[in-house]
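Trainee:
Protein chains: 2
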Amino acid sequence: MAATLPPDIGTPLADVETPALMLDLDAFERNLAHMARTAAAANIRLRPHAKSHKCAEIARRQMALGAVGVCCQKVSEAEALIDGGVTDVLVSNEVVDPPKLRRLAALAERATVAVCVDDERVVPLLPTPLDVLVEIDVGGNRCGIAPGEPALRLAERIANTPNLRFGGLHAYQGAAQHIRSPVDRANAAARAAHAAAHTADLLRAHGIPCNLITGGGSGTYQFDITSGVYTEIQPGSYIFMDADYARNESPPPFEHSLFVYTQVMSAPGHGYVVVDAGLKASAVDSGMPTVDGCPMVSYTRASDEHGVLTGGTFRLRDKLRLVPGHCDPTVNLYDYYVAIRDGRVEAIWPVDARGALT
Amino acid sequence: MAATLPPDIGTPLADVETPALMLDLDAFERNLAHMARTAAAANIRLRPHAKSHKCAEIARRQMALGAVGVCCQKVSEAEALIDGGVTDVLVSNEVVDPPKLRRLAALAERATVAVCVDDERVVPLLPTPLDVLVEIDVGGNRCGIAPGEPALRLAERIANTPNLRFGGLHAYQGAAQHIRSPVDRANAAARAAHAAAHTADLLRAHGIPCNLITGGGSGTYQFDITSGVYTEIQPGSYIFMDADYARNESPPPFEHSLFVYTQVMSAPGHGYVVVDAGLKASAVDSGMPTVDGCPMVSYTRASDEHGVLTGGTFRLRDKLRLVPGHCDPTVNLYDYYVAIRDGRVEAIWPVDARGALT
């Protein structure tokens, strides 16, 4: 059960209780359409990352506009999305625990499912039949086997295992997405693409077809689609455009569509006001939220249930919109989106995979 | 519905799927008992803060050991706790929106409920009958009216409103709790107590009884109970003892009882391993988690679903316990506690007020 009941459809914005996770539908739809057009024009597959939205309704809308499927990071996310009618999910992450792998096998009977591997010791644990991608470390220094020979050996091991199908290379450079300088960001993306291309060539030279090279995010997709290497991109945040992506120089061309709606709950009159959205309402791992439309106002301090705003002229009980510093973990704090158009609640969309950690 | 099904009672620890919010029952119970004994010995009322645990089962256990009730920060938290059988809740925060105040009034028909006010403009909005505390700013620079004359005028306004009952002073100094130096922490607590005592004396001099002065947290309660000022303390985190409280010099005398159970999902062999608990599994606003029992290991980097550990000898698929940097927002990421004793799951406790934001 949701901890807080959602507002009725048609409720005026001013009457929505705070804090609420608010989606501006017009901006959201423009973001969706722009990325769909961009991928189509580049003749590259689009597989948006559902870790950002965790919402089957949004995943279905992305696929209706041409996305081949979605990515997610956890088996339980895939379960929630497939339960919600999504038909094609790549778990763009390693799954190493046999109970989770059994859940993955059950999903593969209901939908197109693939998973990543970066360690040959996991191969004997994988259920069959299953599509398996080799994740290579293209500079993120997180998961992923080394490109080149190590990746080749792992791909051969998969290809030689009955009923496992080598699906391609997973080559996501997470650390590149938020590099502020566009030149440095382009260089990091180019190094990732080079490592992926080199590995794919090696696989092909050893008789292993490598038709899928997937990766890229909202910060690098413009470079990735022109790389000539990636055949699929995985942007997630483009649909919402959080404050941290907006801090990139030459930020990606998307509009803020996701907001935390909040209210001034205390106005003690010392040059600041206190809003009712703290760090349990807007994730602060990538910096404080910004105040939508108020560049001179700073959200200076977050505690669990309070946020301090300085530099504004807000009054007690005013309601306003924050742009979350980081959309993915912010969405994960809510049970539903309050989808707004023309100043009223048009829809309530559940965050189906909220808290889907395993 | 929980995004992930809980393990069966009796499941061995090694078979619990990760990430999981794990409660060490023995340590937890010792923490509960220690604070209950301490408050009883000091003859001070204990009203633990339920914002930390959001769990009716834990609130009931605290009250069974002598707590007079609990605090919470949001009306929806109070709803979840009262639905779970808690009979006495102070909303230790301002509530300023009429729909929320109506929900508060409905709660007051089912349980003992009080709320804080720091602005006279809210008084006409308050439902009656209700117990109302005046929150004073005792150095936290967040909510709260100024101590002394301004607080007196607000208390008079409440006391003179039919069917509102002035309940006392709320004097919580949140900023003091994590001051590292015990001397500086004691001084901040003393200044808070002084401001509260001065205000209470002023109220009494004007014929307003002030029998309740409530405040204090897990970082300052040792000073608060000997202040001669506070009649009630509100510690929350003492039951769990997060990594950030452990970083205080002369930290409060509690054991870590709350853990994020996690698994090594990738071991690429460059001096680090990657675990499956990132910032959606363990809040990082107050610093990274620590690795329980492994002071030489560092959790150096959190992304949404990954954590990087350096300095250890962990192997692929090892499971281990993280001590969250900050327990309150970490608990809020989970649907239930996995309560462990003697290496097995003894109970599953729902996080009743998870996501209770309004």
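Residue numbers (this note's numbering), protein chains in the order written: chain C, 10 to 367; chain G, 10 to 367. Here a beta-carbon is modelled for each residue, glycine too, at the ideal position from N, C-alpha and C. Predicted model, so just to flag it, every value in this text is computed and none were measured.
Ignoring anything shorter than 3 residues, give me the beta strand (DSSP E) runs that lie fully in the region 66 to 138 of chain G, in order along the chain.
Mentor: Runs of the beta strand (DSSP E) inside the region 66 to 138 of chain G: 79 to 81, 97 to 103, 121 to 126.
Trainee: So which residues on chain C does Asp154 of chain G lean against when the C-beta distance must stay under 8 Å?
Mentor: According to the sequence displayed, residue 154 of chain G carries Ile and not Asp. Under the 8 Å cutoff, chain C gives Pro277.
Trainee: Please confirm whether Gly94 of chain G and Asp361 of chain G have their CB atoms less than 7 Å apart.
Mentor: No, these two residues do not count as a Cβ contact at 7 Å.
Trainee: Strictly below 9 Å CB to CB, what residues from chain G border Asp146 of chain C?
Mentor: Going along chain G in sequence order, the residues near Asp146 of chain C (Cβ under 9 Å) are Pro277, His279.
Trainee: Hey, quick one: how far does the beta strand (DSSP E) through Ile222 of chain G stretch, first residue to last?
Mentor: Where Ile222 of chain G is concerned, the enclosing beta strand (DSSP E) stretches over 222 to 224.
Trainee: Roughly how far, in whole angstroms, is the beta-carbon of Ser295 of chain G from the beta-carbon of His265 of chain G, given that I think they are within contact range, below 8 Å?
Mentor: Not a contact, Cβ separation roughly 14 Å.
Trainee: DSSP state of His207 of chain G, grouped into three classes?
Mentor: Note: His207 of chain G maps to helix in three-state DSSP.
Trainee: Whose C-beta lies closer than 7 Å to the C-beta of Ala252 of chain G among residues of the same chain, with five residues either side of it excluded?
Mentor: Within the same chain, Ala252 of chain G has close Cβ partners Gly296, Pro298, Thr299, Val332, Pro333, Gly334.
Trainee: Report yes or no: is there a C-beta of chain C within less than 7 Å of the C-beta of Glu26 of chain G?
Mentor: So yes, Glu26 of chain G belongs to the interface.
Trainee: Indicate whether the contact test is met: 3 or more Cβ pairs, each with one atom in the region 141 to 160 of chain C and one in the region 264 to 281 of chain G, closer than 8 Å.
Mentor: Result yes; three or more Cβ-Cβ pairs closer than 8 Å.
Trainee: Taking only beta-carbon atoms, is Val124 of chain G less than 7 Å away from chain C?
Mentor: No, Val124 of chain G lies away from the interface with chain C (no Cβ there is under 7 Å from its Cβ).
Trainee: Anything in chain C within Cβ reach of Asn341 of chain G, meaning under 9 Å, just list it in chain order.
Mentor: Going along chain C in sequence order, the residues near Asn341 of chain G (Cβ under 9 Å) are Lys289, Asp313, Leu342.
Trainee: Under a Cβ-count criterion, where at least 16 other Cβ atoms within 10 Å of its own Cβ denotes burial, should Asp351 of chain C be classed as buried or exposed?
Mentor: Exposed.
Trainee: Which ranges does the beta strand (DSSP E) cover as unbroken runs of at least 3 residues, wholly within the region 11 to 59 of chain C, from first to last along the chain?
Mentor: Entirely contained in the region 11 to 59 of chain C, the beta strand (DSSP E) runs reaching 3 residues are, in chain order, 29 to 33.
Trainee: Verify the CB distance criterion: does Leu331 of chain C have a CB-CB separation below 7 Å to chain G?
Mentor: Not one chain G Cβ lies under 7 Å of Leu331 of chain C.
Trainee: Applying a beta-carbon distance threshold of less than 9 Å, which residues of chain C neighbour Gln272 of chain G?
Mentor: Here the neighbours are Val105, Asp106.
Trainee: To the nearest angstrom, report how far apart Met10 of chain C and Leu142 of chain G are at their CA atoms.
Mentor: Per-residue confidence for Met10 of chain C stands at a pLDDT of 45, beneath the threshold of 50, marking its modelled position as unreliable; no derived number is given.
Trainee: Using 7 Å as the limit for Cβ to Cβ distance, is Arg151 of chain C near chain G?
Mentor: Answer yes: the Cβ-Cβ gap between Arg151 of chain C and chain G drops below 7 Å somewhere.
Trainee: Got a sec? Which residues, its chain only, sit under 7 Å from Pro244 of chain C by beta carbon, not counting five neighbours each side?
Mentor: Closer than 7 Å at the Cβ level, and outside the excluded window around Pro244 of chain C, lie Met44, Pro57, His58, Gly225, Gly226, Ser227, Tyr230.
Trainee: Can you tell me which of G:Pro15, G:Leu139, G:Pro191 puts its alpha carbon nearest to the alpha carbon of Ser85 of chain C?
Mentor: That would be G:Pro15, whose Cα lies nearest to the Cα of Ser85 of chain C.
Trainee: Looking at C-alpha atoms only, which residue of G:Asp127, G:Ile188, G:Arg189 is the closest neighbour of Ala155 of chain G?
Mentor: The shortest C-alpha separation from Ala155 of chain G is found at G:Asp127.
Trainee: For Val122 of chain G, which residues from the same chain have a beta carbon less than 6 Å from its beta carbon, with the 5 sequence-adjacent residues on both sides left out?
Mentor: Contacts found: Val98, Leu116.
Trainee: Sort out for me which residues DSSP pairs His179 of chain G with in a bridge.
Mentor: G:Glu144, G:Thr223, per the DSSP bridge assignment.
Trainee: According to DSSP, is Glu158 of chain C helix, strand or coil?
Mentor: Helix.
Trainee: Can you grab the Cα-Cα spacing for the pair Pro171 of chain C / Lys109 of chain C, in whole Å?
Mentor: Roughly 21 Å between the two C-alpha positions.
Trainee: Once you ignore the five residues that flank Arg326 of chain C on each side, which residues in its own chain have a CB closer than 7 Å to its CB?
Mentor: Gln272, Val273, listed in sequence order.
Trainee: Give me the Cα-Cα distance between Ala164 of chain C and Val104 of chain C, rounded to the nearest whole angstrom.
Mentor: Using only the alpha carbons, I get a separation of about 17 Å.
Trainee: May I ask which residues mark the beginning and end of the beta strand (DSSP E) holding Asp170 of chain C?
Mentor: For clarity, residue 170 of chain C is Thr in the given sequence; the question names Asp instead. Here Thr170 of chain C belongs to no beta strand (DSSP E), and DSSP marks it neither H nor E.
Trainee: Whose Cβ in chain C lies nearer than 7 Å to the Cβ of Gly183 of chain G?
Mentor: Result: Ser312.
Trainee: How long is the line joining the alpha carbons of Arg353 of chain C and Val347 of chain C, rounded to whole angstroms?
Mentor: Each residue's Cα considered, the two are about 10 Å apart.
Trainee: From G:Asp33, G:Ile188, G:Arg112, pick the residue whose C-alpha is nearest to that of Glu258 of chain G; which is it?
Mentor: Out of G:Asp33, G:Ile188, G:Arg112, G:Ile188 has the C-alpha closest to the C-alpha of Glu258 of chain G.
Trainee: Within the same chain, show all residues whose beta-carbon is closer than 8 Å to that of Thr319 of chain C, passing over the 5 residues directly before and after it, in chain order.
Mentor: Counting only Cβ-Cβ distances below 8 Å, and skipping sequence neighbours, we find Gly280, Tyr281, Val306, Ser307, Thr309.
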